[in-house]
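Asks: Got a structure here, written out as structure tokens. Questions coming.
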Amino acid sequence: MSSRRNGNFSPYPHPSERRNFQQNSNRERFVEQFFFSIDELKWDLILLRENISNLLTMEYLDYFVRIEISLDRLKFSSAFAEDLICRRNREGDQNVTMDFNEFQQNIHASHLERIRISQLIRAINPSEINLSVVFNTYTMVGYYLVGLGYQSLRVVELEGLNQN
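1 is the number of the first residue of the sequence shown in the UniProt record's numbering; add one for each residue after it.
This is the structure we're talking about:
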């Protein structure tokens, strides 16, 4: 049962909430168990946006949809980063254990941050929702995604250094 449906928000995913996101591998990725918080955050943003749909210009709508799409892409980039680390492990890289531990910590911290943001969104008083509140909330999620982008670049940089 989804944490959204029962109203109970645990930072740890229930086994039934794991998403099957198998792109290039037959194994389940570590990151997949945290994908539900990406979906929850996206859903919370969409519900927030729907409160002001009559006030939206195309520019605002485009901005909001781009952030929602970026949340979807987060699943792919997380799985890709995990695949890079696992490939390095298969190739015998000695530093991969430390990198994978750091990766797992980052994924878990990111998951907790998504839950925190979702809780903030749900705590907004419906009578106080306006374009400014929605824009600021989407911007906060945008900053969160930018921070993750820097972390992802680090993984790619490490991969490039290890190939040389």
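Glycine included, each C-beta is placed from N, C-alpha and C at the ideal position.
1) Can you tell me whether D99 is buried or exposed, with buried defined as 16 or more other CB within 10 angstroms of its CB?
2) Looking at the structure shown, is L56 part of a helix, part of a strand, or coil, going by DSSP?
3) Round the Cβ separation of R49 and V134 to the nearest angstrom and send it over; I've been treating them as touching at under 8 Å.
4) Taking D47 as the reference, which of Y144, A123 and G142 has the closest Cα?
5) Hey, out of S127, I107 and T97, whose CA is closest to G149's CA?
6) Can you name, in chain order, every residue of its own chain whose Cβ lies under 7 Å from the Cβ of I129, other than the five neighbours on each side?
7) Can you find the residues in the same chain that come closer than 7 Å, C-beta to C-beta, to E113, ignoring five residues on each side of it along the sequence?
8) When DSSP labels each residue in this structure, what does L148 get in the three-state scheme?
Replies: On the basis of the coordinates in this document:
1) buried
2) coil
3) 6 Å
4) Sequence check: residue 47 is Leu here, not Asp. Checked all of Y144, A123 and G142; the closest Cα to L47 is A123.
5) I107
6) L48, N51 and I52
7) Y144
8) helix
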